[in-house]
Every structure is written in C-alpha cells, then in structure tokens.
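Note sheet for the following structure.
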Amino acid sequence: MRKILITLLLAVLSMTAIAADQLVYMLRLDDEIGSSTWRYTREALREAREMEADILVVHLNTYGGSVVHADSIRTSLMNFERPVVAFVDNNAASAGALIALACDTVYMRPGSSMGAATVVNGSDGTAMPDKYQSYMRAMMRATAEHHGRIVGADSALKWRRDPIIAEAMVDSRVVVPGLIDSTRVLTFTPDEALRWGYADGKAESVREVLDKLDVKVYDMAEYSPTWTDRLIGFLTNPAIQAVLIMIIVGGIYMELHTSGMGFPSAAALIAAALYFLPLYITGIASPWIILLFMSGIVLILLELFVIPGFGVTGISGIVCVSLALIFGLIENYTFTLTHADAGSVWMSLAIFAAGILLAVAAIWYLTSSHGPKWVRRHTDLTTELKVSDGFVGVDMAPAGYIGSEGTAVTDMRPAGKVMIGDETLDAVAVSGFIHAGTHVRVTKYENAQIYVKEA
Numbered sequence: 026m027r028k029i030l031i032t033l034l035l036a037v038l039s040m041t042a043i044a045a046d047q048l049v050y051m052l053r054l055d056d057e058i059g060s061s062t063w064r065y066t067r068e069a070l071r072e073a074r075e076m077e078a079d080i081l082v083v084h085l086n087t088y089g090g091s092v093v094h095a096d097s098i099r100t101s102l103m104n105f106e107r108p109v110v111a112f113v114d115n116n117a118a119s120a121g122a123l124i125a126l127a128c129d130t131v132y133m134r135p136g137s138s139m140g141a142a143t144v145v146n147g148s149d150g151t152a153m154p155d156k157y158q159s160y161m162r163a164m165m166r167a168t169a170e171h172h173g174r175i176v177g178a179d180s181a182l183k184w185r186r187d188p189i190i191a192e193a194m195v196d197s198r199v200v201v202p203g204l205i206d207s208t209r210v211l212t213f214t215p216d217e218a219l220r221w222g223y224a225d226g227k228a229e230s231v232r233e234v235l236d237k238l239d240v241k242v243y244d245m246a247e248y249s250p251t252w253t254d255r256l257i258g259f260l261t262n263p264a265i266q267a268v269l270i271m272i273i274v275g276g277i278y279m280e281l282h283t284s285g286m287g288f289p290s291a292a293a294l295i296a297a298a299l300y301f302l303p304l305y306i307t308g309i310a311s312p313w314i315i316l317l318f319m320s321g322i323v324l325i326l327l328e329l330f331v332i333p334g335f336g337v338t339g340i341s342g343i344v345c346v347s348l349a350l351i352f353g354l355i356e357n358y359t360f361t362l363t364h365a366d367a368g369s370v371w372m373s374l375a376i377f378a379a380g381i382l383l384a385v386a387a388i389w390y391l392t393s394s395h396g397p398k399w400v401r402r403h404t405d406l407t408t409e410l411k412v413s414d415g416f417v418g419v420d421m422a423p424a425g426y427i428g429s430e431g432t433a434v435t436d437m438r439p440a441g442k443v444m445i446g447d448e449t450l451d452a453v454a455v456s457g458f459i460h461a462g463t464h465v466r467v468t469k470y471e472n473a474q475i476y477v478k479e480a
C-alpha cells in the first residue's frame, strides 16, 4: 500500500512538474512600429526559441507606424513555430492591425479597437496613392488567408479570417454587407471582431487571456530591450540613416575640395561607422557590403592622391560607396538580398535619395555666402585671393571710361596717353596713328588697356 501511495505521489508531482514547465514568453509592442520595434521582435523571437517557449504573447497597444517594418514583424510572427497570441490592449491601428492579424489567436480588451490600416503620408496624414494601398490590401488579404479555412455551421468551408474584411480595413471602397459600406474604412470594436471572426475573445489582462486558453500553470518571461537594443534601433531608424548618408556623402565631397585631411573626412568616417556597425554587429548586413564600401573609399583615395585627373577609378569608387549604402538598407529590411521584395528596395532607394538631397542642400548652404565663415575659410572653392596677401589682380576701374571722350596728349603710334576729364591715362589706338591734340573716344577695355579712336 505504501509503495502504491508513493507511486501515486510521484505521478502527481511529475504531472505538476510537466504542467509547470509551460513557458509563456511575452513581447510588448507599445510604441510606434519602426526600426526599434522590428529589432525588439527579432531579439524576442530569438530569445523565445532559445528558451523553448510554449506560447508567445504579443501585447499590442500601438497606433501603427512603418509598413515595411510591420511587414517584417508580420512575417516573423507567422513563421514562428509555436502558438502566437495577440492581446490588443486599447489600440491595434494601421500597422498594429496587420500585426494582430498575423497572430494565431486574438484577444481584445473591452473598449479597445483594431483596424484603420490605410497607408498614409507620415508628414500630414493624407492617404497615399492607390499603388501603396494596393500593396497593403494584398498584404492584409494574404495575412488573413494564412489562417486557412474552417468548417462553418452549414458544414461548408469558410475562411477563418475573411480576406475581404481584412481588405476593408485598408480601402473604404470595399463593401461587406452587414458590416461596412463604401463610405468609411473598417475599424473593429471587440464585439464586432468576435462576431466576424477577427477576435477569439475578450479579456482584461494577459493573465485572463491565458486562463481562457486553459493555461493554468506557467512561467512568464518577458523581453526587455537593453540600451544597446535601443541605440541600434535609433541608428537604424530611416530618418537617422538618411542623415548619416548625408554626412557621409557631404563629408567626402567637402574633403575633395579641402587641402589635407580634416574635419569633413573625420565626420564622414564616424557617420559610416554609425551607419554600418549596427547592421554588421546584429548580422543584418553581410560582410561583403562593408568590404564594398571600403573598396569604394580606397578607389576614391587613389584617384585623389595617386592617379592624376578624375576618371574610371574615381567613378568606380563613387559607385561602390553608393551601392554599399543602398544594399545595407535593403538587407536592413530583408536580412538577405535573396529575399528582397519591391517594397524593401523602393524604401531603401527612397532613404538613399533623401540622404543625397540632404547632402546637396547642406553643401550648398555651407559653401554659400550664407554659410558659416569657418567652413568657407577652409574650402578651396571659396578662397578669396586678396592683393594684400600678395596675389596680383587686374584693375577694372578704367572699364568705367568706355564711351567717354577726351584728347590725345601725345602721338599714339599706336600707344600713348590721353586726357579724359582731369585724368591722364595710358591708351592704345584701335587702328592707325592718332596725333596729339586729336579728340578721341574710348571704345573698349581689354588686357588692362583702354582703346580709343578718333571721335
């Protein structure tokens, strides 16, 4: 009897241990969707895999953000090997709705909302052209279709998440009878999301979500970004990357027009380090991209200091630097060029173009008369050659006598002197000889001489 009790006790303890071994890993996406949240997601999924988490909970409270980064987060969540549960705590708008839709299960807090995924201009909030909306509609449909079909009440197969409803979150022209007309973009309340299959329940907290999923005994782990994560997320922000490209390009250009190696080259090197190192350390950018950039810099230096003139070497260096900057951006969004999509390529080209435009604007300002004097003083393009510094100039004051009349003081054969007003000037006859006392007129000023002919 004693052995039986011990056996039963061990069995109960074993079952409890098995139940307690369930690990819930939580990722909070409570900020604007961008480079930082994309990095947090990558690190969280990596950590969840290492810890062999049983369930991933995505705590959502966001008004949206970058579509490109949201697409990357969506793809990562759909490819995660374990169940992914979204808890919409207040807001899952725009890009947030796309991320929620990518999760296997969605729970919403009472009073929360989900939807309004129209692509808008980040500067003024206006809707982008239909080219962008078309891409977002397809992305929302594909995400909804990812959840497959289920058997309905009439024993017929139907979509678990209706793709047309997902499209209605983007385009006001999409009509879903009984849900939305053609006058507005769809945004779900919790009850509406439940009724139309876009939510699996309502809950006040993550604990209640797990309770409704019948996860009673579990350990909870949560991703917490380090200062390194925050710094790398900041440096990989598209706006910051455009500014770094501006400094790199502007620094190289200014160095080409400055004697010696100075501040412009130092600024360009620091900007290049801040641009590439975060991508390289995190494994986003491949080593060959760094080598391509360094090769471009070497070619430019050879053109400057070894090979006379500016030709194939210099142009090749500029091309290598430009390609490295663009490829670094592409891999920032797609990990590898073999998975690059049109959206990522266009996003990368847009950031690069923005950096070039900023560089052109900065160079124009710094080298213009409106720019700081300390910059203009160190650039050969704006160096002032003063007579007081030993430079010889041509006096253009006599050009003011063109059209004036006077009298030849000496015979001009063809050079001589003329009197114009009270001034006696050296002059040259335009043609022939002019005798002293002849009335003359100044016709032109050339080669530091005035030319006259008989009036």
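In this text, residue positions in the sequence shown follow the numbering used here: the first is 26, and each later residue adds one.
Here a beta-carbon is modelled for each residue, glycine too, at the ideal position from N, C-alpha and C.
Quick check on DSSP: helix, strand or coil for residue i?
| i | result |
| --- | --- |
| F301 | helix |
| T143 | coil |
| V113 | strand |
| L329 | helix |
| Y65 | helix |
| I315 | helix |
| F213 | strand |
| A452 | strand |
| T244 | In the sequence under discussion, the amino acid at residue 244 is Asp, which differs from the Thr named in the question. If DSSP states are grouped into helix, strand and coil, D244 belongs with the strands. |
| G226 | strand |
| R198 | coil |
| I322 | helix |
| S207 | coil |
| M437 | strand |
| I427 | coil |
| V419 | coil |
Do residue i and residue j have their CB atoms nearer than 7 Å?
| i | j | result |
| --- | --- | --- |
| A349 | F318 | yes |
| A452 | V434 | no |
| G258 | S60 | yes |
| V82 | V231 | yes |
| L260 | L299 | yes |
| I325 | G336 | no |
| D114 | R99 | no |
| A246 | Y65 | no |
| G353 | I314 | yes |
| L219 | T168 | no |
| V465 | E448 | no |
| A120 | G90 | yes |
Report buried or exposed for residue i, applying the criterion of at least 16 other Cβ atoms within 10 angstroms of its Cβ.
| i | result |
| --- | --- |
| W63 | buried |
| A264 | exposed |
| K227 | buried |
| V200 | exposed |
| L374 | exposed |
| H460 | exposed |
| S249 | exposed |
| S340 | In the sequence on display, residue 340 carries Ile and not Ser. It is exposed - the Cβ of I340 has fewer than 16 other Cβ atoms within 10 Å. |
| N104 | exposed |
| D96 | buried |
| A387 | buried |
| F213 | buried |
Since residue i is in the beta strand (DSSP E), which residue starts that stretch and which ends it?
| i | result |
| --- | --- |
| T468 | 464 to 471 |
| V131 | 130 to 133 |
| G431 | 430 to 433 |
| R174 | 174 to 176 |
| G89 | Careful: G89 lies outside any beta strand (DSSP E) and carries neither H nor E. |
| Y476 | 474 to 479 |
| L123 | Here L123 belongs to no beta strand (DSSP E); instead the alpha helix (DSSP H) covers 120 to 127. |
| A440 | 440 to 445 |
Leaving out the 5 sequence neighbours to the left and right, which residues in its chain are closer than 8 Å to residue i when beta-carbon positions are compared?
| i | result |
| --- | --- |
| A163 | none |
| V323 | G342 |
| V195 | A142, T143, V144, Q158, M161, R162, M165, V210 |
| L204 | I190, A193, L211, E217, W221 |
If you follow the alpha helix (DSSP H) that residue i is in, where does it begin and where does it stop?
| i | result |
| --- | --- |
| V231 | 231 to 237 |
| A193 | 188 to 193 |
| Y278 | 263 to 281 |
| G258 | 252 to 260 |
| G150 | That residue, G150, is in no alpha helix (DSSP H); it is neither H nor E in DSSP. |
| Y50 | Segment 48 to 54 is the beta strand (DSSP E) holding Y50; no alpha helix (DSSP H) there. |
Give every residue of the same chain whose Cβ lies closer than 6 Å to the Cβ of residue i, excluding the five residues on either side of it in the sequence, and list them in chain order.
| i | result |
| --- | --- |
| D482 | The structure shown has nothing for residue 482, since the chain only spans 26 to 480. |
| R53 | H84 |
| W184 | R174 |
| G321 | G342, C345, V346 |
| P188 | R166, A169, E170 |
| I351 | S373, F377 |
| Q266 | I376 |
With a threshold of 7 Å on Cβ separation, who are the neighbours of residue i within its own chain once the five nearest residues in sequence on each side are excluded?
| i | result |
| --- | --- |
| D225 | T130, V131, Y132 |
| L269 | A296, L299, Y300 |
| E328 | F335, T338, G339, G342 |
| N86 | D55, D114, N115, N116 |
For the ligand SAH, any of its heavy atoms closer than 6 Å to the Cβ of residue i?
| i | result |
| --- | --- |
| L54 | The ligand SAH is absent from the structure shown, which contains no ligand whatsoever. |
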